[in-house]
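Only one structure is covered here, and it is reproduced in the block below.
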């Protein structure tokens, strides 16, 4: 587990992320507010994943939630960029991704 690494910076190359919502980020056990969760969707994916089983692979329209350890306000339907983001792989099948960023930068409205 400690050797699992997700190259978020490389994954993000060729992609554009758009905000689609936000909510408070709360600690699961205590209910304390830790910051803000910003929900995004990938609206452009220029990454070449090759062809698998005869189909072109893409992450277009996949959702990604970004946790920011402070209260922020991000408008809906704007292109955003993660600032100093780190991703962690988790889950029984190592198929879940947790992303925490220092901040979210609005690129365009």
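In my numbering, the protein residues as written are 1 to 109. Note that CB positions come from ideal geometry on N, CA and C, so glycine has one too.
DSSP state of residue i, grouped into three classes?
i	result
residue 17	strand
residue 12	helix
residue 67	strand
residue 62	coil
residue 102	coil
residue 85	coil
When the Cα atoms are used, what is the spatial distance from residue i to residue j?
i	j	result
residue 108	residue 52	34 Å
residue 32	residue 56	43 Å
residue 93	residue 28	21 Å
residue 75	residue 97	23 Å
Could you round the C-beta distance between residue i and residue j to whole angstroms and report it? I think they count as a contact, below 8 Å.
i	j	result
residue 8	residue 85	6 Å
Can you give me the start and stop residues for the beta strand (DSSP E) that residue i sits inside?
i	result
residue 72	It is not in any beta strand (DSSP E) - residue 72 carries neither H nor E in the DSSP assignment.
residue 37	33 to 45
Of the residues the options, which one's Cα is nearest the Cα of residue i?
i	options	result
residue 77	6, 43 and 36	43
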